[in-house]
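In this note's numbering, the protein residues as written are 150 to 426.
For each residue, glycine too, the CB sits at the ideal point set by N, CA and C.
Note that the coordinates shown come from a computational prediction; the quantities given were computed from them, not determined experimentally.
What follows is a short report on a single structure.
Here it is, written out as structure tokens:
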């Protein structure tokens, strides 16, 4: 019996079930196909994980991804799907770390599709944004509870003590000041958008892989390389000569972008995800 051929046919049957959204049937075919590979082909495990994610069985999907990574530690798809699982399980730190592993590995291998790269970036941003929102909600709850507690104490104090008119006026003023402080703390000011200096001059999106030209202008690597190949070896802003070999990673801007997204993840909107055709 040709086990490789049998495994291939089972994978194709599983793929057909997946396209028809018949996820349980797809999983059955993938599991059988995996057995025919002597439990050695990680593609079957990532396909099973993908089906489990569609079924919202994230715990099983995590196990499948981890098995795939044992078989192939450089499996970008497995890292990406694992990050998606952690995100849905509300394990935001784990999700971010896993998506970032996928990003680093994808750049190292240089064979990941642009669509998957954008999904990885979305995963990183969503992990940070959802963690930020969770922490904000927790902070607001604590502030609200402390505010209520302090107000009750002040009200009790006013009822117990016989305050003169001047004392009562001072008491109400302090109560107002405290409530104003709590109100200000409760609703922190948010930045509205990513600053221009952290965006590419070609795509106008936040810089993911920033490189600097000899004339000192920073671009998204993929965008400036496409420009040079299409329009010629020059900087589109300064018009000075610039070849692909003269581009260098802008580590400082990369760190600034990381810091910005960490502090203001909600500013990275859908407009900041692009694909160079």
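Query raised in the report: Taking buried to mean at least 16 other C-beta atoms within 10 Å of its own C-beta, is residue 381 buried or exposed?
Result: exposed
Query raised in the report: How would you call residue 346, buried or exposed, if buried means at least 16 neighbouring beta carbons within 10 angstroms?
Result: exposed
**Report entry** Backbone CA spacing between residue 153 and residue 234 [nearest angstrom]
**Finding:** 30 Å
Report task. Ignore the nearest five residues each way along the sequence and tell me which others in residue 247's own chain have a CB closer than 7 Å to its CB. Result -> 228, 231, 232, 235
Requested in this report: Determine the burial state of residue 357: buried for a count of at least 16 other Cβ atoms within 10 Å of its Cβ, exposed for fewer.
Outcome: buried
Report task. Just confirm the distance between the C-beta atoms of residue 176 and residue 202, as a whole number of angstroms; I'd bet it's less than 8 Å. Result -> Not quite, the Cβ-Cβ distance comes to about 11 Å (not below 8 Å), so this is no contact.
Requested in this report: Return the chain-ordered list of same chain residues with a C-beta closer than 6 Å to the C-beta of residue 213, the five sequence neighbours on each side being excluded.
Outcome: 194, 197, 198
Report task. Quick one: give me the first and last residue of the alpha helix (DSSP H) that residue 264 is part of. Result -> 263-309
**Report entry** Euclidean distance between Cα positions of residue 305 and residue 415
**Finding:** 41 Å
Query raised in the report: If you scan the region 165-250 from start to end, which runs of the alpha helix (DSSP H) of 4 or more residues do you find wholly inside it?
Result: 172-185, 191-203, 207-220, 225-237
Report task. Jot down the residue ranges of each uninterrupted alpha helix (DSSP H) in the region 374-400, minimum 4 residues, whole runs only, in chain order. Result -> none
**Report entry** Endpoints, beta strand (DSSP E) assigned at residue 359
**Finding:** 359-361
Query raised in the report: Along the chain, where does the beta strand (DSSP E) that runs through residue 368 open and close?
Result: 367-369
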